[in-house]
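Numbering (our numbering), first residue to last: 92 to 465.
The block underneath contains the structure these notes are about, expressed in C-alpha cells.
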C-alpha cells in the first residue's frame with residue numbers, strides 16, 4: 092500500500108435504553124357537551140380539564156381528576172373525548188403511526204355492562220401488541236349501585252355476571268361504587284412514590300385521596316367490607332379499609348386471568364410488560380446480526396446481552412438502612428437459554444422472578460407464664 096489510510100466506524104452497541112412508557116394512561120370516554128372531541132389531548136397535573144373536556148360534568152373528567160390527585164405532581168396521561176369515534180376506534184386512532192402514542196394503560200370511563208364488552212377489551216389489547224408492537228392493558232369502569240332500585244344482593248348478582256367465565260388477562264374491571272373508583276386506583280398505580288411492581292393494596296404510602304361518597308342500597312344499607320371482599324373474590328378491583336385504622340386503601344388490582352394463571356394481579360403483568368418492551372427492542376436490533384451465532388463465545392455474550400433488562404429491573408436501593416427491592420429478584424445462572432432451531436432461527440427463554448410481597452400477615456402471640464421473678 093503506497094499511502095496510509097484510516098477508517099473509523101462508530102459502533103452502535105444498543106446500550107442506550109428505551110423511553111419508558113410506565114405510569115401513563117390513555118383515558119377514553121364521553122366528555123361534556125362542550126368538549127373538544129375525537130382528538131388526543133395531552134394531560135398533566137396542571138391541565139385545565141374544563142377547557143378540553145367540557146365545563147359540564149362527565150365521567151371522563153371525573154376519572155382524570157381523581158387520577159391526577161392520586162398520582163401526584165408528575166401525572167402524565169392522554170384523553171380522547173368521544174363523538175364519532177367508538178372506544179375501539181379511538182384506541183386504534185391513538186396507537187397508529189399518525190399519533191404514535193404508547194400508554195401503559197388504556198382506561199374506558201363509560202361503564203361496561205356485558206361480557207361481550209369484556210371480550211372486546213381483551214381483543215383490543217391483543218391487537219395493540221400484534222398490530223403496533225405495543226403492550227397495553229385495558230381498565231374499564233362498570234356501574235356502581237343504583238340506590239333507587241337495587242339491593243346489595245341485586246347489585247352483586249348483576250355485577251358478577253359481567254366477567255363471569257371470562258379469561259381475559261389484559262383486562263381489569265373497576266366498579267364505580269364511589270363514582271370515581273377507576274380514576275382513583277389508576278392514579279394510585281401511576282404514583283412515583285412506589286415502583287410498578289407494587290400493588291395498590293399497599294398501606295405504607297397512605298390512603299387513597301378524594302374517593303367519592305360511600306354508597307347505600309335501596310334499603311339504605313351501607314357498603315361493607317363483606318361486599319367489597321365478595322367483589323374482589325369475583326375479580327373486580329375495589330377499595331378497602333381496616334377496622335380501627337384510619338383511611339381507605341385498596342385491594343389487589345385484579346385482572347381476569349384464568350384460575351392458576353400468572354397474571355391474576357396487575358403488578359405481575361406490569362412487570363412482565365416492562366421487561367418485554369425492553370427485550371423486544373434488543374431482539375429487533377439483532378435481526379441478521381451474525382455476531383449472534385451458536386458459538387460458545389457468542390452464546391455467553393448474548394446471554395448477558397439479553398438479560399440486561401432483567402438486571403436493570405432487579406436493581407434496588409437502600410434508604411436509611413432499609414433495603415428497597417427492585418422490580419424482580421436478581422437473575423441467576425440458567426435464567427436464560429438460547430436455542431438454535433435452524434441456522435437462521437433462534438429461540439430465547441428468559442425467567443424473571445417477582446419479589447415477595449406480604450398481602451396476608453399472621454402473628455401468633457402467647458403469654459409466657461413460666462418466667463419467675465423480676
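Just so you know, even glycine gets a beta-carbon here, dropped at the ideal spot from N, CA and C.
Helix, strand or coil for residue i per DSSP?
i           : result
residue 322 : helix
residue 358 : helix
residue 182 : helix
residue 193 : coil
residue 258 : coil
residue 230 : strand
residue 157 : helix
residue 166 : coil
residue 404 : helix
residue 263 : strand
residue 287 : coil
residue 314 : coil
residue 409 : strand
residue 367 : helix
Name the two residues that bound the continuous alpha helix (DSSP H) containing residue i.
i           : result
residue 274 : 272-280
residue 247 : 243-254
residue 206 : 206-223
residue 433 : Neither: residue 433 is in no alpha helix (DSSP H) and is coded neither H nor E.
residue 140 : 140-144
residue 388 : 387-397
Provide the residue span of the beta strand (DSSP E) that contains residue i, from first to last.
i           : result
residue 439 : 437-441
residue 415 : 413-415
residue 378 : Neither: residue 378 is in no beta strand (DSSP E) and is coded neither H nor E.
residue 132 : 132-135
Let me make sure I understand the geometry here. Which of the options has the alpha-carbon closest to that of residue i?
i           : options               : result
residue 257 : 284, 285, 334 and 355 : 355
residue 148 : 313, 252, 255 and 120 : 120
residue 285 : 253, 138 and 416      : 416
residue 425 : 229, 442, 174 and 458 : 442
residue 168 : 181, 183, 198 and 178 : 198
residue 439 : 390, 174 and 274      : 390
residue 161 : 228, 280 and 142      : 280
residue 194 : 115, 450 and 449      : 115
residue 268 : 394, 420 and 154      : 154
residue 166 : 133, 176, 190 and 366 : 133
residue 418 : 362, 262 and 296      : 362
residue 421 : 435, 433 and 398      : 398
residue 126 : 264, 289, 111 and 150 : 150
residue 138 : 123, 124, 122 and 156 : 156
Kindly identify the DSSP beta-bridge partner or partners of residue i.
i           : result
residue 421 : BP columns for residue 421 are empty, so no partner.
residue 333 : 336
residue 120 : 172
residue 199 : 119 and 231
residue 306 : Beta-bridge pairing links residue 306 to no other residue.
residue 347 : 259
residue 445 : 419
residue 454 : Paired residues: none, contrary to the question.
residue 128 : 172
Would a check of beta-carbon distances place residue i closer than 8 angstroms to chain B?
i           : result
residue 224 : The chain labelled as chain B is not found in the depicted structure, where only one protein chain is given.
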